[in-house]
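One line per chain: the protein sequences are A and B, in this order.
Heads up: the first sequence begins at 550 in the working numbering, then just goes up one per residue.
Heads up: the second sequence begins at -9 in the working numbering, then just goes up one per residue.
No residue lacks a Cβ here, since even glycine has one placed at the ideal position from N, Cα and C.
Everything below concerns the one structure shown next.
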Amino acid sequence: MSQAPVLELRGINKSFGPVQVLHDVTFSVYPGEVTALVGDNGAGKSTLVKCIGGIHPYDSGEYLFQGEPVHVSGPRDAAALGVEIVYQDLALCDNLDIVQNMFLGRERKRGLVLDEDTMEEMAAKTLAGLSVRTVKSLRQHVSSLSGGQRQTVAIAKAVLWNSKIVILDEPTAALGVAQTAQVLELVRRLADNGLAVVLISHNMNDVFAVSDRIAALYLGQMAAQVKTSEVTHSQVVELITAGRSGELGLKNGTVA
Amino acid sequence: MTTETLPEKQATESSAIGDSVRGYFDRVRGGDLGALPAVLGLIVLCAVFAVLRPVFLSSGNFANLFTQGAGVAIIAMGLIFVLLLGEIDLSAGYASGVCAAVLAVLLTNRGWPWYAAVLAAMLTGVIIGLVLGWLVAKAGIPSFVVTLAAFLGFQGLLLLLVKGGTNISIQDPTILAISNNNVTPILGWTFVAVCVLGYAGVQFFQMTRRRARGITTAAPAVIVLRVVALAVVLGVAMYFLNLERSRNAAIVSLRGMPIVVIVLVVALVLWTFVLTRTAYGRHLYAVGGNAEASRRAGINVDRIRVSAFVICSFMASIGGIIAASRANSVDPNTGGSNVLLYAVGAAVIGGTSLFGGKGRALDAILGGAVVAVIDNGMALMGYSSGVKYVVTGLVLLLAAGVDAVSRRRTAASGRR
């Protein structure tokens, strides 16, 4: 795990008018690893993710992708780099089927006509690659799927595009026990397939179950980014609630 | 109890048909009624009218149904695009009237050739759609208000165009032919053959291609059944249309398929293709289903909105031309009174949802047929316009009710 980070943010600042939401945030994401992004409500997790995804422009700082400085000024730029975000509301169309949802906005065409066969094949291959066997038919409408299955489709949609980084915004928040286990297993498999995964979660059990690294945000500052194996539950909780834990974290409310 | 063992091939064939039948019943039970209400309604209505007024079943009246219903069905087909987005266009009726008036003024008063006048009428429709679409998508005014204002405005515009209530008659033989002339029986049969062979070709081509790539596909038996069903329906219809329906065939013969049917079929094939086979059609459904998800998927939602209104008003212009051709004239009432409600009713009765995201071009034809049968049958029964309006209003309400109930049911059963 001594690989170079695929995504590296340095000294990112972001303000909404007079409110500074992110202070000099440094954040690294490694291929083949699950990086958990934790923090209390309002710590800036969503803002950071939206800066990565190009939805909010950041005020200052460096955005390095595979070691190269890049400029991301919109969702399209991020998608072109291979950064896909799965939002909490999943952004699926209930009245379309699984294949149609996975290719929404990026349909394969043969001339003017949609190439349904290729799309269905690619969708089937992607789902098989993620060892998803819970869906009956790829031509099922999304409205007939369970919460876990929808999450699976949303994740598969993000993976379909040879993406390098997949960011999941609280994927297990609305799921039951069995479905949570399914989705976490899928998250682990994504990383094992070589993708860099960022997992936003409030659930410490989930974080410790699948993540390799934990990045804790505290009031818009990166309190610490540590390996999961080197910290305990209570240390992470302290980082989230107080910004520091013993040697780890912020010194007196300033960046370490 | 003894059971005979079927030969293996036959067994798999019949189970394939059984599977698709079972799948259909599952869908219906889950609330996805599709074309069922419209088809059942058609059968019941035809049976009732046939018993009460045998003349309803005459081939002359059968041909009348097409010419009476075509305008409304065409406008309904355009409306479906707007309904798919969950919007409404209340001005489609008078938009068709305005386009018809443009046609009439240019043809009769200015002496333009028919093709130039038709193009101008269509262009008028496109411009109307652009304005309405811009007001809804860019200015952000609710479509109900925009098109209600347009409804009133176009009514006035129509009055101005026909100079305050005069009746502009149309003499151009090409325009008049659309609703009033028929194609020869031979041409009619050729048309049926082209339709059936074309449909069969597309279905089998698709099946073999999907088979070759190992993707699940409809069983050949099911496809054969569909093709045979289409051939039977079109064949029977064509047989009746080709019967002599003139009162005095020695003087003037009246037989064959009305030309307007070709317009209907071409529009049906074109818009079905656009909705089901192109990325644009896919995006229409997506925006109707979840506009925010579509926006995030990189779809230009505003452009889709504007385009739906453009298609709606464009189809209204075609409907206006058909209406002008049928009435041989344009007056301040063209496209007025019940035209819009009939068109909305046709779309909804056919199975298009008022909540957006669900609908097919075929819905306009099926629903349009129901509306035409009600209108025609009640006129044969000698009921007044008042009764006709009340009944059509009730049928529209019933269809919207079925839509709402089936929507609740699909939500409960997880379909849509």
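**OP:** Could you work out which residues of chain B lie near D666 (chain A), taking near to mean beta carbons separated by less than 7 Å?
**Re:** R199, R200, R203, I205
**OP:** Find the residues of chain B that neighbour L641 (chain A), judging by a C-beta separation of less than 9 Å, and give them in chain order.
**Re:** G279, N280, A283
**OP:** With 7 Å as the C-beta to C-beta threshold (strictly closer), list the residues of the stretch 248 to 277 of chain B near chain A in chain order.
**Re:** R267, T268, A269, R272, Y275, A276
Original post:
Can you name the residues of chain B whose CB is closer than 9 Å to the CB of E670 (chain A)?
Top reply: R203, G204, I205
Original post:
In terms of DSSP beta bridges, what is A585 (chain A) paired with?
Top reply: A:L748, A:I763
Original post:
Can you list the residues of chain B that R625 (chain A) reaches, using a CB-CB cut of under 9 Å?
Top reply: G288
Subject >> C-beta neighbour in chain B for L653 (chain A), strict 9 Å >> reply: yes
**OP:** Evaluate N711 (chain A) with the Cβ neighbour count: other Cβ atoms within 10 Å of its Cβ, from every protein chain shown; 16 or more gives buried, anything less gives exposed.
**Re:** exposed
**OP:** Report all residues from its chain with a CB closer than 6 Å to the CB of V329 (chain B); omit the five preceding and five following residues, and keep chain order.
**Re:** G83
Original post:
Just how far apart, CA to CA, sit E656 (chain A) and F39 (chain B)?
Top reply: 48 Å
Subject >> 7 Å Cβ cut-off: residues of chain E touching E617 (chain A) >> reply: No chain E appears in the structure shown, which is made up of the protein chains A and B.
Original post:
A491 (chain B): which of B:V62, B:I165, B:N51 sits nearest, CA to CA?
Top reply: Nothing can be reported for residue 491 (chain B): it is not among the residues displayed for chain B, which extend from -9 to 406.
Original post:
The beta strand (DSSP E) spanning I634 (chain A) covers which residue range?
Top reply: 632 to 635
Original post:
Do G326 (chain B) and L215 (chain B) have their CB atoms nearer than 9 Å?
Top reply: no
Original post:
How many Å lie between T266 (chain B) and N644 (chain A) at the Cα?
Top reply: 13 Å
**OP:** Indicate the three-state DSSP secondary structure (helix, strand or coil) for A773 (chain A) in the structure shown.
**Re:** strand
Original post:
So which residues on chain B does K658 (chain A) lean against when the C-beta distance must stay under 7 Å?
Top reply: A269
**OP:** Put F195 (chain B) into one of helix, strand or coil per three-state DSSP.
**Re:** helix
**OP:** Examine chain A for any beta-carbon lying closer than 9 Å to the beta-carbon of T400 (chain B), and answer yes or no.
**Re:** yes
Original post:
Since Q58 (chain B) sits in a beta bridge, which residues does DSSP pair it with?
Top reply: In the DSSP output, where bridge partners are listed per residue, Q58 (chain B) has none listed.
**OP:** Report back the beta-carbon spacing between L125 (chain B) and V136 (chain B) to the nearest angstrom; my notes put them in contact at under 8 Å.
**Re:** 5 Å
Original post:
Would a check of beta-carbon distances place G146 (chain B) closer than 9 Å to chain A?
Top reply: no
**OP:** Kindly indicate if chain A contains any beta-carbon less than 9 Å away from that of G326 (chain B).
**Re:** no
Original post:
From what residue to what residue does the beta strand (DSSP E) around Q569 (chain A) run?
Top reply: 568 to 578
Original post:
Nearest chain B C-beta to Q649 (chain A) closer than 9 Å, yes or no?
Top reply: yes
Subject >> Outcome for N232 (chain B) when other beta-carbon atoms lying within 10 angstroms are tallied against a minimum of 16 >> reply: buried
Subject >> Under 7 Å (Cβ pairs) to chain A, residues found in the stretch 340 to 360 of chain B >> reply: G347, K348
**OP:** Return no unless some Cβ of chain B is closer than 9 Å to the Cβ of Y636 (chain A).
**Re:** yes
**OP:** Report all residues from its chain with a CB closer than 7 Å to the CB of N650 (chain A); omit the five preceding and five following residues, and keep chain order.
**Re:** L641, C642, V691, V702, K706
Original post:
Any idea what DSSP makes of L254 (chain B), helix, strand or coil?
Top reply: helix
Original post:
Using the C-alpha atoms, what's the distance from C302 (chain B) back to L709 (chain A)?
Top reply: 35 Å
**OP:** Could you tell me whether the Cβ of V662 (chain A) comes closer than 9 Å to any Cβ of chain B?
**Re:** yes
Original post:
Which value, in whole angstroms, describes the spacing of the CA atoms of I749 (chain A) and H273 (chain B)?
Top reply: 30 Å
Subject >> As assigned by DSSP and simplified to three states, the class of E282 (chain B) >> reply: helix
Subject >> Contacts of N711 (chain A) in chain B (Cβ-Cβ under 8 Å) >> reply: Chain B residues near N711 (chain A): none, gap ~17 Å exceeds 8 Å.
**OP:** List in chain order: all unbroken alpha helix (DSSP H) runs of 4+ residues lying wholly within the stretch 330 to 400 of chain B.
**Re:** 351 to 370
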